[in-house]
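Residue numbers (this note's numbering): 396 to 583.
Below: the structure, in structure tokens.
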Amino acid sequence: MNPVKQLTLASLACLSTWSAYGETLPNMVFIMTDDQGWGDLGYNGHPKIKTPHLDDMARTGLRFDRFYAGGSVCSPTRASCMTGRCNWRVSINDPSRADEEHLPKEEITLPEALREKGYATGHFGKWHLGGFDEKMAKGPVHVMPPWKAGFDECFSTFNVLITHDPYARIGKHGIEGSYWHNGRNIPF
């Protein structure tokens, strides 16, 4: 069985145990970064990069030290984390085609499963798993924004952040590099 799927199922099993006893659900924060290596964090021993807040979270929380990416780049990895399935099974294989590829609507996503267990969910940052509107997504079939994938609260960008990436305005999605809040476009 796929390791991501095993982790997702194990997490959901733990959550169902918590709710069975009527106790408060534990808080969860899942942070995914792009192009960051294992050694690029203070708690993994980087000599120059200081990450005190992440170091504190790692010290007091649960660390997935053997959690491997579902794909070698951003969109395929996100697809695996969102569904617990291999990115090839959900047809997201290449980040440069994220406007043509999208999470299939019939897939059960992690936030949908968490919502069923009583969690409120949020997505903040880069999405890159399907267009936010028909203009971006080359037609209605490819529209799959985070607010349709089970997230209760979203403040997201389709791909790059204009405020962070100096090349964000280059290419066909330069204008769409703006923010979206719960389905409403917030131009930069």
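Ideal Cβ positions, reconstructed from N, Cα and C, are used throughout, including at glycine.
Rounded to the nearest angstrom, the gap between the Cα atoms of P540 and G525 is 6 Å. If you draw a straight line from the Cα of G437 to the Cα of G456, it comes to about 15 Å. Annotated as distal: S486 and W522, with beta-carbon spacing of 9 Å or more. One alpha carbon belongs to G520, the other to C469, and they sit about 13 Å apart. Looking at the DSSP output, F550 bridges to F519 and H576.
In the assembly as shown, N554 is a buried residue. Its beta-carbon has 16 or more other beta-carbons within 10 Å. In chain order, G545 place their CB closer than 7 Å to the CB of E507, counting only its own chain and leaving out the 5 sequence neighbours on each side. For G437, the three-state secondary structure derived from DSSP is helix. Using a 10 angstroms sphere on the CB of F527, the tally of other CB atoms reaches 16 or more, which defines it as buried. Taking 8 Å as the upper bound for CB-CB distance, L498 and T472 are not in contact here, some 13 Å apart. For the options Y574, S573, I426 and C481, the alpha carbon positioned closest to that of H448 is the one of I426. Exclusion of the five residues before and after E502 leaves T478 and V485 as the residues of its chain whose Cβ lies within less than 7 Å of its Cβ.
Following the DSSP letters along the chain, one finds R480 in no alpha helix (DSSP H), marked with neither H nor E.
Shown here, V468 sits in coil according to DSSP, grouped into three states, outside any helix or strand. Of the residues assessed, E418 falls on the exposed side of the cut-off, its CB having fewer than 16 other CB atoms within 10 angstroms.
By the neighbour-count definition (other C-beta atoms within 10 Å, threshold 16), T504 is a buried residue. DSSP places M452 in the uninterrupted alpha helix (DSSP H) bounded by P447 to T455. The three-state reading of DSSP puts V424 in coil, since its state is none of H, G, I, E or B. A distance of 9 Å or more separates the beta carbons of A515 and D489.
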